[in-house]
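So in the numbering used here the end of the sequence shown lands on 420, straight run, no missing numbers.
Glycine included, every Cβ here is placed at the ideal spot set by N, Cα and C.
As the structure is a computational prediction, the values presented were derived from the model and not from experiment.
Below you'll find the structure, written out as structure tokens, and then a few comments.
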Amino acid sequence: MGSDPDGKASGTADWYRRAAVELAQTSEVQVAWARGVAGDDAVVALLDELPREHRQPSLLFSVMHLLDVPEAPWSEVRDWLVAEWPRVAAVARERRTQTNEVGRCAPLLAALDRIPGPLALIELGASAGLCLGVDRYAYRFDDEPMIGHGEPVLVCATSGEGRAPTALPEIVWRCGVDLAPLALDDAGDVAWLEALLPPDRPERLARLRAASARLAEDPPHLVAGDALEALPALAAAAPSGASLVVLALGTLVYLDPAARLEVLRLCGELGARIVTLEPVAALPPVRDALAGLSAPEPSPFVLALDAVPLAYVSAHGDRLSWLSAVGQPGVASGQL
Ligand SMILES: C[S@@+](CC[C@H](N)C(=O)[O-])C[C@H]1O[C@@H](n2cnc3c(N)ncnc32)[C@H](O)[C@@H]1O
């Protein structure tokens, strides 16, 4: 994801060096760009002109994609980047990383399956709201029968001891909040949403477009604002008679560490369940609860319900590895 989960400031070159490792499963093109930036003092100096949060690797790469960076070796990309820097910097200053990864709906479905319905959903950091359409997509967990119908089909390979979902949830109300919600009927927002995907992952672009088409039939209500500030009013607007569930998928990592904990506390106070899919280091209560648990395929990202870890998940939701107490398969996941 290229974010900064523990909130520690480090040099820009180091940030890109780490991103080159983290992006290995995401995009070969971006790995080459990350390595190129990390080893180039002049490019790092340009990036350092930007506010720290706007130097993020994923953001730079999305801006380059939006502005039609050439498909070429790093030396040519580097010359383009330096020549185009004023344009790149202007967009990087005004945009933020808002990748709306519909693949995360597969692990989300697995967590929602553990909450009695009907459900009312509030997504924090909803981007364009695609994950709020979790009940409108089709799913295939391993070799199990398909859940739902139509496109996109979200495929998820699981490992470990746990219960994969068998049905879609009943969602009676949904809304989202984002600092800058993206509108699926705005050409500039759609271009940004698509630029947020790596240029060498056409299957993710196809999935995004299919999900956008499904969501556009009846788009969820999205409000502009800060997640923590908006949460009480959104919760008050939810209907009674439904389980209120707050979703935070790749979002809390962008809040400061105290605000992340406050979101968890507030959910308890509001009587809401909270599903998180965040880097391990971003949420100390989830990280601490991992002690004594194990899963066949560890990952930097954890799916948790009310801060109880359920599974390790790949960054884009296509792999899920159930956590269980060491020596007691299924304790952490199957019994919730
Ligand atoms: C990486 S995107 C994840 C989007 C979506 N949850 C998903 O999983 O596909 C993070 C989103 O959080 C939003 N965001 C960051 N800080 C926020 C804040 N303090 N309040 C509300 N939204 C925020 C960003 O604008 C961005 O759209």
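Measure the alpha-carbon distance for residue i versus residue j and round it to whole angstroms.
| i | j | result |
| --- | --- | --- |
| residue 396 | residue 333 | 13 Å |
| residue 258 | residue 281 | 25 Å |
| residue 288 | residue 238 | 11 Å |
| residue 266 | residue 410 | 42 Å |
| residue 340 | residue 367 | 11 Å |
| residue 275 | residue 283 | 13 Å |
| residue 321 | residue 352 | 17 Å |
| residue 210 | residue 403 | 22 Å |
| residue 173 | residue 216 | 32 Å |
| residue 111 | residue 285 | 7 Å |
| residue 127 | residue 162 | 8 Å |
| residue 293 | residue 260 | 20 Å |
| residue 365 | residue 307 | 28 Å |
| residue 99 | residue 356 | 35 Å |
| residue 167 | residue 255 | 49 Å |
| residue 142 | residue 151 | 14 Å |
| residue 191 | residue 232 | 15 Å |
| residue 246 | residue 201 | 20 Å |
| residue 165 | residue 178 | 18 Å |
| residue 363 | residue 387 | 9 Å |
Say yes only if the C-beta of residue i is nearer than 7 Å to one or more non-hydrogen atoms of ligand 1, and no if none qualify.
| i | result |
| --- | --- |
| residue 275 | no |
| residue 386 | no |
| residue 301 | no |
| residue 338 | yes |
| residue 175 | no |
| residue 264 | yes |
| residue 210 | yes |
| residue 402 | no |
| residue 114 | no |
| residue 140 | no |
| residue 247 | no |
| residue 182 | yes |
| residue 219 | no |
| residue 242 | no |
| residue 269 | no |
| residue 261 | yes |
| residue 311 | yes |
| residue 137 | no |
| residue 215 | yes |
| residue 188 | yes |
| residue 333 | yes |
| residue 207 | yes |
| residue 58 | Coverage of the chain is limited to positions 85 through 420, which leaves residue 58 absent and any answer about it impossible. |
| residue 185 | yes |
Sort the options by Cα distance to residue i and report the nearest one.
| i | options | result |
| --- | --- | --- |
| residue 181 | 373, 212 and 207 | 212 |
| residue 224 | 252, 245, 207 and 208 | 252 |
| residue 269 | 292, 370, 303 and 236 | 303 |
| residue 313 | 329, 344, 248 and 286 | 344 |
| residue 199 | 109, 329 and 272 | 329 |
| residue 159 | 171, 364, 117 and 380 | 117 |
| residue 300 | 221, 154, 406 and 203 | 221 |
| residue 310 | 389, 398, 400 and 346 | 346 |
| residue 305 | 208, 188, 101 and 130 | 208 |
| residue 242 | 95, 374, 389 and 382 | 382 |
| residue 206 | 227, 358 and 272 | 358 |
| residue 236 | 371, 228 and 189 | 189 |
| residue 390 | 371, 400, 399 and 277 | 371 |
| residue 134 | 171, 109 and 106 | 171 |
| residue 342 | 324, 184, 369 and 271 | 369 |
For residue i and residue j, which I take to be in contact (beta-carbon distance under 8 Å), what is that distance rounded to the nearest angstrom?
| i | j | result |
| --- | --- | --- |
| residue 394 | residue 195 | 6 Å |
| residue 354 | residue 319 | 5 Å |
| residue 291 | residue 218 | Going by Cβ atoms, the distance from residue 291 to residue 218 rounds to 14 Å, so no, they are not a contact pair. |
| residue 113 | residue 104 | Not quite, the Cβ-Cβ distance comes to about 12 Å (not below 8 Å), so this is no contact. |
| residue 138 | residue 97 | Their Cβ separation, rounded to whole angstroms, is 16 Å, which puts residue 138 and residue 97 out of contact at 8 Å. |
| residue 279 | residue 146 | 5 Å |
| residue 377 | residue 348 | No, residue 377 and residue 348 are not in contact; Cβ-Cβ is about 19 Å, not under 8 Å. |
| residue 214 | residue 327 | Residue 214 to residue 327, Cβ: 22 Å. No contact. |
| residue 350 | residue 315 | 6 Å |
| residue 380 | residue 398 | With a Cβ gap of about 13 Å, residue 380 and residue 398 do not count as contacting. |
Any beta-carbon of chain B closer than 8 Å to the one on residue i?
| i | result |
| --- | --- |
| residue 320 | Any reference to chain B falls outside this structure, which holds one protein chain only. |
Whole alpha helix (DSSP H) elements within the stretch 343-418, 4-residue minimum: Within the stretch 343-418, the complete alpha helix (DSSP H) runs of at least 4 residues are 368-373.
Of all the beta strand (DSSP E) runs that stay within the bounds of the stretch 218-249, which reach a length of 3 or more residues? As summarised for the stretch 218-249, the continuous beta strand (DSSP E) elements at least 3 residues long and confined to that stretch are 222-225 and 237-243, given in chain order.
Return the chain-ordered ranges of every beta strand (DSSP E) run that is complete within the stretch 260-313 and spans a minimum of 3 residues. Runs of the beta strand (DSSP E) inside the stretch 260-313: 305-308.
Which runs of the beta strand (DSSP E), 3 residues or longer, sit entirely within the stretch 136-211? Fully enclosed beta strand (DSSP E) runs of 3 or longer: 203-208.
Could you tell me which uninterrupted alpha helix (DSSP H) segments, each at least 4 residues in length, are contained entirely in the stretch 90-120, listed from first to last along the chain? Restricting attention to alpha helix (DSSP H) runs no shorter than 4 residues, the stretch 90-120 encloses them at 96-106, ordered along the chain.
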